[in-house]
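*Asks:* My structure is below; once you've seen it, I'll send some questions.
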């Protein structure tokens, strides 16, 4: 069920990951969803986001490892994301992006989860792409996340991961 | 009705801008929606996106006008977007972003509209921020759009437009 929820969140955000959608996609009996997730949609989405955030953190860590220079690391990270989105035919993106652009009155309930995911990713980027000064390093990591989230928007609109490669080439220039 | 549709799209993407939502938000009789938009949701969203795209093009043009240098233009553009998102308490973002991250089987129907909007914005950015060589200028304009779309994601997740200002400061360095 959690896998179905993650997939639906990555595709359509909160509005696509209701109880009925998760039941349909996971082929689980409806009663079992309420059994495992008595907190309903907020609980499902919250747990799905937490699992998803951990996976993306590992993905970023892997993409940034074993490179010699900061520009190489930045380019490798964006190339990895380009491949990742193209592997889904540009139909799935970042669950933090889809959920963020779908927040309504539930914004305050979800923001800590979303901020937590972004923070964990920024930390792993800052760990690998060290610009010498902590504040500058953290700010650059923030820019990288901004570009990743925006490249996902363009990838889904354009049907190609090219926006990731474009951003990687430019952002690598900033850390040369 | 078009204004209600634009507002709903900016808030929640396609899934939030169904016929019933537009009827509720615009307080128009349901029959009149079908009268003006016999093509249903695709037609409403399409027309709303077209009007929205024109407005954003004018907004970008205005933000980039009357500045002396490329770095000043870039910073002014991102500052203007930071203000724009904060004016909505970070509850509304770019309709191209929200719709892109919400595409399903309707992707091919919507992609030309989304690509068209992004292209028109890239052209106005490239017109104002000329880096001397056409291909490089166009690529930088693409990066700016990537950063704007991503900063909207972060703004809605974080409840502040700070990601726009951060991106503006970094991207200005690329055109110094």
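Residue numbers (my numbering), protein chains in the order written: chain A, 58 to 233; chain B, 58 to 233. Using N, Cα and C, we set each Cβ at its ideal position, and we do this for glycine too. Keep in mind that this is a model prediction, so the values were computed, not measured.
1. Ignore the nearest five residues each way along the sequence and tell me which others in residue 157 of chain B's own chain have a CB closer than 6 Å to its CB.
2. Using 10 angstroms around the beta-carbon of residue 198 of chain A, count the other beta-carbons present and answer buried if the total reaches 16, otherwise exposed.
3. Using 8 Å as the threshold, is the C-beta distance between residue 200 of chain B and residue 228 of chain B below it?
4. Go ahead and label residue 93 of chain A buried or exposed: buried means 16 or more other beta carbons lie within 10 angstroms of its beta carbon, across all protein chains shown.
5. Under 8 Å by Cβ, that's how I've got residue 153 of chain B and residue 137 of chain B pegged, so tell me the actual separation to the nearest angstrom.
6. Just confirm the distance between the C-beta atoms of residue 148 of chain A and residue 206 of chain B, as a whole number of angstroms; I'd bet it's less than 8 Å.
7. DSSP three-state label for residue 146 of chain A, please.
8. For residue 217 of chain A, name the three-state secondary structure that DSSP assigns.
9. Which residues in chain C have a C-beta closer than 8 Å to the C-beta of residue 83 of chain B? List them in chain order.
10. How should residue 127 of chain B be labelled, buried or exposed, when 16 other C-beta atoms within 10 angstroms of its C-beta is the threshold for buried?
11. Residues in the same chain with beta-carbon distance under 6 Å from residue 87 of chain B, minus the five sequence neighbours each way, listed in chain order, please.
12. Does the beta-carbon of residue 84 of chain A have 16 or more other beta-carbons within 10 angstroms, so that it is buried, or is it exposed?
13. With a 10 Å radius around its C-beta and 16 neighbouring C-beta atoms as the bar for buried, classify residue 215 of chain B as buried or exposed.
14. Looking at residue 218 of chain B: is its Cβ nearer than 8 Å to the Cβ of residue 134 of chain B?
15. Mind listing which residues of the region 87-117 of chain A have their C-beta closer than 8 Å to chain B's C-betas, in chain order?
16. Is residue 99 of chain A closer than 8 Å to residue 185 of chain A when the C-beta atoms are compared?
17. Hey, residue 97 of chain A and residue 155 of chain A are a contact pair by Cβ (cut 8 Å); roughly how many whole angstroms apart?
18. Return the CA-CA distance between residue 195 of chain A and residue 180 of chain A, expressed in angstroms with no decimal places.
19. Looking at residue 63 of chain B and residue 109 of chain B, is the spacing between their C-beta atoms short of 8 Å?
20. Quick check on the DSSP output: the alpha helix (DSSP H) that includes residue 169 of chain A runs from which residue to which?
21. Could you name the residues of the region 150-169 of chain B whose beta carbon sits closer than 9 Å to any beta carbon of chain A, in the order they occur along the chain?
22. Check the Cβ-Cβ distances between residue 196 of chain A and every residue of chain B, and say whether any is below 8 Å.
23. For a contact defined as C-beta to C-beta under 8 Å, what are the partners of residue 205 of chain B on chain A?
24. For chain A, check one thing: does any of its Cβ atoms lie closer than 8 Å to the Cβ of residue 72 of chain B?
25. Which stretch, first to last residue, makes up the alpha helix (DSSP H) that contains residue 93 of chain B?
26. Tell me which residues share the same chain as residue 65 of chain B and place their Cβ nearer than 7 Å to its Cβ, disregarding the 5 neighbours each side in the sequence.
27. With respect to the alpha helix (DSSP H) encompassing residue 233 of chain A, which residues constitute its N-terminal and C-terminal limits?
28. Within a Cβ cutoff of 6 Å, which residues of the same chain sit near residue 68 of chain A, ignoring the five residues on either side of it in sequence?
29. Using a Cβ-Cβ cutoff of less than 8 Å, which residues in the same chain neighbour residue 188 of chain A once the five nearest sequence positions on both sides are dropped?
*Replies:* This is what the structure holds:
1. 171
2. buried
3. yes
4. exposed
5. Actually they do not touch by this definition, with Cβ atoms about 17 Å apart.
6. That belief does not hold up - the Cβ atoms of residue 148 of chain A and residue 206 of chain B are roughly 17 Å apart, past 8 Å.
7. coil
8. coil
9. Protein chains in the displayed structure are A and B, and chain C is not among them.
10. buried
11. 80
12. exposed
13. buried
14. no
15. none
16. no
17. Contact doesn't hold; Cβ gap of about 19 Å is too wide.
18. 8 Å
19. yes
20. 164-185
21. 150, 151, 153, 154, 155, 156, 157, 158, 159, 160, 161, 164, 165, 167 and 168
22. yes
23. 207
24. yes
25. 87-93
26. 73, 74, 78, 79 and 82
27. Here residue 233 of chain A belongs to no alpha helix (DSSP H), and DSSP marks it neither H nor E.
28. 149
29. 127, 194, 197 and 232
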